[in-house]
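All residue numbers for the sequence shown refer to the UniProt record's numbering, where the first residue is 1 and numbers rise by one.
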Amino acid sequence: LAVHPGCHFSRPSEFAQTDDPLNPKILEEMVKVLGAEVFEYDGKTECCGLPNFITDKEISLKIAENKINRVSESDGIVVICPSCFMQFENAQILSKRENKVPIFYYFELLALAMGENLENIGFNFHKIEVFNVLKKKERVG
């Protein structure tokens, strides 16, 4: 899984103080603890593009698509920010991307790892199919 730490998890670093804003590792470690393999890629700290959406929808979607293209060989993208989640899903739908990359909210994966029922997690609310990845990883029967 490709990890997208997002802009607000560790920035501004003088306030957030959760991780190194230039080389964040905490979310990657949190994903590894769940038993997932982290997909390495360049541009991990780049924004999802959502802040640009109001002023320039085209640029906003292009920023998201660039990041999605870099991780297209991964099983999905893990985010901790609901805005990034929405941006990555919507960008793929609005651009009519053929091979969509599933987006996972970290806390959904945490709940799954803790044994929560799929019906209670909310995977069915995703706009992009995630069950194929979960089946591939033997998390779903």
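The beta-carbon is built from N, C-alpha and C at its ideal position, and this holds for glycine as well.
Residues that residue i bridges to, as DSSP identifies them
i: residue 105; result: 79
i: residue 39; result: 2
Nearest candidate by alpha-carbon position, reference residue i, set the options
i: residue 120; options: 127, 129 and 109; result: 109
i: residue 133; options: 111, 117, 115 and 104; result: 104
i: residue 34; options: 118, 124, 112 and 122; result: 112
i: residue 22; options: 30, 32 and 8; result: 8
i: residue 88; options: 32, 116, 114 and 126; result: 126
i: residue 62; options: 83, 92, 27 and 79; result: 92
Integer-rounded CB distance, given that residue j should sit under 8 Å from residue i
i: residue 48; j: residue 64; result: 6 Å
i: residue 101; j: residue 60; result: No, residue 101 and residue 60 are not in contact; Cβ-Cβ is about 17 Å, not under 8 Å.
Unbroken alpha helix (DSSP H) run spanning residue i, endpoints
i: residue 31; result: 26 to 33
i: residue 64; result: 57 to 70
i: residue 119; result: 118 to 121
i: residue 134; result: 131 to 136
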